[in-house]
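Visitor:
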Amino acid sequence: IDPINDRIVRANKAACSLFARDAVELNNQSFLKLYKESIGAVYVLTEEALERGHAWSRDLIIRRPDETMLKIEHSALAIRTKDETYLTITLHDLNRFEKRAIEAEATNYLREGLTEWLKAKRFIHEIELQNEMILSAAGEGIYGVDTDGLTTFVNQAAAEMLGRNAEDMVGQEMHSMVHHTRRDGSHYPSEKCPIYNAFRGGVVNNVDNEVFWRKDGKPIQVEYTSTPIMDNAVVKGAVIVFRDISERKRKEKQLHLALQENSQLRERLEQENAYLQEEILLHVNHSQIT
């Protein structure tokens, strides 16, 4: 601008956009007329720039032709030639600055939130890995079911005991896979299954002698505990911990048979002993008579 003659010498496209006017309207027009609401602040800015060589202000308000108001930061730089003095005015839209500041704050907040979320995700992942390691290391078979009886997880011990692949079991109806038939071969309806009662009735069930069926059709004798999974007093499913007691039952049967044989042997020995005592007594009596 030419501050002495109050004339805009040249306005670039960005200035035209801020003022919502084209270059023809701005070039060679009055600078002060653009600031009817803040002419005093314009005088202060231009006088300071002429005196010090530079100045800036956030007190100048632009009124556009559509009557909208813009709060603009103005920076003024004095340019002196041999015969004339001009001011270069740089305009910064404070609304954009504020918007960018808000966006930057939102971006930082999002980044911080994302960082915290990633930390939480890593923490949860670590817990999941630890839980998987615990489940894998457990000697007992462990699996979970939801309220529809569908398998939610299976540890390695359970998969091995049932002769199945853990991945193939997840999402499947567990009762029909491993608990469909009683030991005598009769059908085992799910509504009478203690495992189902755990999440339907919300009670813990301990069973010490039933059978689960392997994929190859062979039964294994098991004892298990079925415990409901609760969330805010609402049953979400059940977790079942079981162990294969087939070997223990086999040894118990062997022991029972051995005790039975021992009892029979003792009974036979007692009978033989009684017979011998009777024979001895008869022999003694016969000798005395003779």
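Take 3 as the starting number for the sequence shown in the numbering used here and just add one per residue.
For each residue, glycine too, the CB sits at the ideal point set by N, CA and C.
Since we're looking at a predicted model, the values are computed, not measured.
Start and end of the alpha helix (DSSP H) containing V46?
Guide: The residue given as residue 46 occupies position 44 in the sequence shown. I41 to R54 is the extent of the alpha helix (DSSP H) around V46.
Visitor: Need the endpoints of the alpha helix (DSSP H) that R203 sits in, please.
Guide: Start at 1 with the first residue of the sequence shown, and residue 203 comes out as number 201. A small fix is needed here, since residue 203 is Gly in this sequence, not Arg. Its alpha helix (DSSP H) spans residues P196 to G203.
Visitor: With a 10 Å radius around its C-beta and 16 neighbouring C-beta atoms as the bar for buried, classify L93 as buried or exposed.
Guide: If you number the sequence shown from 1, residue 93 lands on position 91. By the 10 Å Cβ count, L93 comes out buried.
Visitor: Compute the Euclidean distance between the alpha carbons of R270 and Q279, then round it to the nearest angstrom.
Guide: Position 268 of the sequence shown holds residue 270. Position 277 of the sequence shown holds residue 279. Roughly 14 angstroms between the two C-alpha positions.
Visitor: Return the residue from the list A161, A235, T87 and T229 that minimises the CA-CA distance to E53.
Guide: Counted from its first residue, the sequence shown places residue 53 at position 51. For the residues A161, A235, T87 and T229, the minimum Cα distance to E53 belongs to T87.
Visitor: Report yes if the C-beta distance between P191 and S228 is below 8 angstroms; otherwise report no.
Guide: The count along the sequence shown starts at 1 and reaches residue 191 at position 189. The count along the sequence shown starts at 1 and reaches residue 228 at position 226. Result no, Cβ atoms of P191 and S228 do not sit closer than 8 angstroms.
Visitor: Just mark V147 as buried or exposed, buried being the case when its beta carbon has 16 or more other beta carbons within 10 Å.
Guide: Residue 147 sits at position 145 when you count from the first residue of the sequence shown. When all chains shown are included, V147 counts as buried.
Visitor: Which value, in whole angstroms, describes the spacing of the CA atoms of A168 and L152?
Guide: Start at 1 with the first residue of the sequence shown, and residue 168 comes out as number 166. Start at 1 with the first residue of the sequence shown, and residue 152 comes out as number 150. When rounded, the distance between both Cα atoms is 13 angstroms.
Visitor: So the candidates are R82, I63, A160 and L72; which of them puts its Cα closest to the Cα of V1?
Guide: As shown, the chain starts at 3 and ends at 292. That puts residue 1 outside it, with no answer to give.
Visitor: From L283 to E263, what distance separates their C-alpha atoms?
Guide: One-based indexing of the sequence shown puts residue 283 at position 281. One-based indexing of the sequence shown puts residue 263 at position 261. Using only the alpha carbons, I get a separation of about 30 angstroms.
Visitor: Taking the beta strand (DSSP E) that F33 falls in, what are its first and last residues?
Guide: What you label residue 33 is simply residue 31 of the sequence shown in a count that begins at 1. Segment: none, F33 is in no beta strand (DSSP E) and carries neither H nor E.
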